[in-house]
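The structure appears below as structure tokens.
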Amino acid sequence: MTDWDYDFLIKLLSLGDSGVGKTTFLYRYTDNKFNHKFTTTVGIDFREKRVTYLGTGSDGTTEKTFKVHLQLWDTAGQERFRSLTTAFFRDAMGFLLMFDLTNQQSFLNVRNWMSQLQANAYCDSPDIVLVGTKADLNDLRDVQGKQARDLADRYGIPYFETSSATGAEVDQAVTTLLDLVMRRMEQSTEGPASEAANGSAATNDQAETSTSRRCAC
Ligand SMILES: Nc1nc2c(ncn2[C@@H]2O[C@H](COP(=O)(O)OP(=O)(O)O)[C@@H](O)[C@H]2O)c(=O)[nH]1
Ligand SMILES: [Mg+2]
1 MTDWDYDFLI KLLSLGDSGV GKTTFLYRYT DNKFNHKFTT TVGIDFREKR VTYLGTGSDG
61 TTEKTFKVHL QLWDTAGQER FRSLTTAFFR DAMGFLLMFD LTNQQSFLNV RNWMSQLQAN
121 AYCDSPDIVL VGTKADLNDL RDVQGKQARD LADRYGIPYF ETSSATGAEV DQAVTTLLDL
181 VMRRMEQSTE GPASEAANGS AATNDQAETS TSRRCAC
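Numbering (UniProt numbering), first residue to last: 1 to 217.
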């Protein structure tokens, strides 16, 4: 497999207050390592990872494995970068909305991030996963699981309590978001099934442009 050999390019975006652990989360997901150092992300940055997705084949019933190139965009939460990051909202296909389980204020701010998202994303109900970070810091916990689950239920989105220190639930959160994004693509008129039916999987460019056009909202 060459560097450019994939069926789909999927862009996901992390967002949430500064310090909640967005950069550390993405680093844990792509490199399976924990970074103790606090380095402020300036503006926007991204990490990449190749994964496989089990979708529906050309006959609409059999399963087929697709190669997915994941681009995980990392935003800076600070107000001064907001205009920069909102421009990126429009381009992303799914969102990891993060707050810090040891910081109630970061949880209260989830509502603001949600409004930002709804105003700037590709559609009114984009695919989102709510992520509570730093679950390993039990003694410092400031947000109860029930509080967060209730909020996620109200928005109708999945919720995960993760730890980039131990790696708990990190993969599951991203995989769930990827599944939502891929399923939305399959539901629209030209999902992976019809792409495969055309004889071959989409080329990189086709995958990128066609996915951005394919919104089943
Ligand atoms: N104990 C613990 N610390 C974490 C976790 N995730 C992030 N941190 C720490 O929280 C600080 C802020 O993380 P960072 O990823 O830079 O936050 P960002 O501003 O949202 O990108 C860093 O010192 C990280 O080491 C976690 O799951 N557990
Ligand atoms: Mg950061």
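Even glycine gets a Cβ: it sits at the ideal position worked out from N, Cα and C.
For residue i, three-class secondary structure by DSSP
{"i": "Asp74", "result": "strand"}
{"i": "Asp150", "result": "helix"}
{"i": "Ser163", "result": "coil"}
{"i": "Ser14", "result": "strand"}
{"i": "Phe66", "result": "strand"}
{"i": "Leu137", "result": "coil"}
{"i": "Phe34", "result": "coil"}
{"i": "Leu9", "result": "strand"}
{"i": "Gly156", "result": "coil"}
{"i": "Pro192", "result": "Residue confidence for Pro192 is low, a pLDDT of 46 falling below 50, so the modelled location carries little weight; the figure read from the coordinates is stated next. Of the three classes helix, strand and coil, the one that applies to Pro192 here is helix, per DSSP."}
{"i": "Gly145", "result": "helix"}
Range of the contiguous alpha helix (DSSP H) that encloses residue i
{"i": "Met182", "result": "Val170 to Gln187"}
{"i": "Asp31", "result": "Lys22 to Asp31"}
{"i": "residue 221", "result": "Absent from the structure is residue 221, since the part of the chain shown begins at 1 and ends at 217."}
{"i": "Arg111", "result": "Val110 to Asn120"}
CB-CB length for residue i against residue j, believed under 8 Å
{"i": "Gly145", "j": "Glu169", "result": "Not really, about 12 Å apart at Cβ, beyond 8 Å."}
{"i": "Phe66", "j": "Gly55", "result": "5 Å"}
{"i": "Val143", "j": "Leu117", "result": "Actually they do not touch by this definition, with Cβ atoms about 20 Å apart."}
{"i": "Asp171", "j": "Phe99", "result": "Going by Cβ atoms, the distance from Asp171 to Phe99 rounds to 19 Å, so no, they are not a contact pair."}
{"i": "Leu13", "j": "Phe88", "result": "6 Å"}
Of the listed residues the options, nearest to residue i (C-alpha basis)
{"i": "Gly19", "options": "Thr86, Asn103 and Ile44", "result": "Asn103"}
{"i": "Lys37", "options": "Lys22, Arg184 and Ser188", "result": "Lys22"}
{"i": "Val174", "options": "Leu70, Asp139, Arg149 and Asn120", "result": "Leu70"}
{"i": "Thr176", "options": "Asn32, Asn109 and Gly94", "result": "Gly94"}
{"i": "Arg183", "options": "Gly60, Leu13 and Asp5", "result": "Gly60"}
{"i": "Leu72", "options": "Phe81, Arg154, Thr62 and Ala92", "result": "Ala92"}
{"i": "Asp74", "options": "Asn112, Glu48 and Lys64", "result": "Glu48"}
{"i": "Tyr155", "options": "Gln172, Thr133 and Val110", "result": "Val110"}
{"i": "Gln105", "options": "Arg141, Lys11 and Thr86", "result": "Arg141"}
Run of the beta strand (DSSP E) containing residue i, from where it starts to where it stops
{"i": "Arg50", "result": "Ile44 to Thr56"}
{"i": "Phe95", "result": "Gly94 to Asp100"}
{"i": "Leu130", "result": "Asp127 to Thr133"}
C-beta contact flag for residue i and residue j at 8 Å
{"i": "Ile44", "j": "Leu84", "result": "yes"}
{"i": "Val131", "j": "Leu96", "result": "yes"}
{"i": "Asp127", "j": "Leu180", "result": "yes"}
{"i": "Ser163", "j": "Asp136", "result": "yes"}
{"i": "Ala148", "j": "Phe107", "result": "yes"}
{"i": "Pro158", "j": "Ala152", "result": "yes"}
{"i": "Gly167", "j": "Arg28", "result": "yes"}
{"i": "Phe25", "j": "Val68", "result": "no"}
{"i": "Arg90", "j": "Asn120", "result": "yes"}
{"i": "Leu178", "j": "Tyr53", "result": "yes"}
Residue i Cβ short of 7 Å to ligand 4 heavy atom set
{"i": "Asp136", "result": "Ligand 4 is absent from the structure shown, which contains only ligand 1 and ligand 2."}
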